[in-house]
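Down below is the structure, laid out as structure tokens.
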Amino acid sequence: VDQLRSFAAEVTRVAREVGTEGKLGGQADVKGVAGTWKDLTDNVNLMAANLTGQVRNIADVTKAVANGDLSKKI
Numbered sequence: 003v004d005q006l007r008s009f010a011a012e013v014t015r016v017a018r019e020v021g022t023e024g025k026l027g028g029q030a031d032v033k034g035v036a037g038t039w040k041d042l043t044d045n046v047n048l049m050a051a052n053l054t055g056q057v058r059n060i061a062d063v064t065k066a067v068a069n070g071d072l073s074k075k076i
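Each number in the working numbering corresponds to the 1-based position in the sequence shown with 2 added.
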């Protein structure tokens, strides 16, 4: 029950930071988890990292276009 509570709190925090507040790079840190809980935590972190990378890539291309550089791709 404690691991579930800790996992839920971390996933909620990361989702809020990355998805709602726009704070890129957030990662869940759940101490003492193993097995399925570790897999879930790792997958949440991978999802957050992928989203962060995509948003940063879009920002880089947008900046390049704003500066007249149309050679960048997403």
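All C-beta atoms in this analysis are idealised placements derived from N, C-alpha and C, irrespective of residue type, glycine included.
Residue i: first and last residue of the uninterrupted alpha helix (DSSP H) it sits in
i	result
E12	4-16
T43	38-68
Spatial distance of residue i from residue j (CA atoms)
i	j	result
I76	I60	6 angstroms
K33	N45	15 angstroms
R7	V63	39 angstroms
K74	A68	11 angstroms
R15	T22	10 angstroms
R18	A36	24 angstroms
D4	N47	20 angstroms
CB contact below 7 angstroms: residue i versus chain E
i	result
R7	Judged by its chain identifiers, the structure shown contains no chain E, having just a single protein chain.
- Task: Flag this pair as touching only if the segment 40-52 and the segment 15-31 have three or more C-beta atom pairs under 8 angstroms; answer yes or no.
- Result: yes
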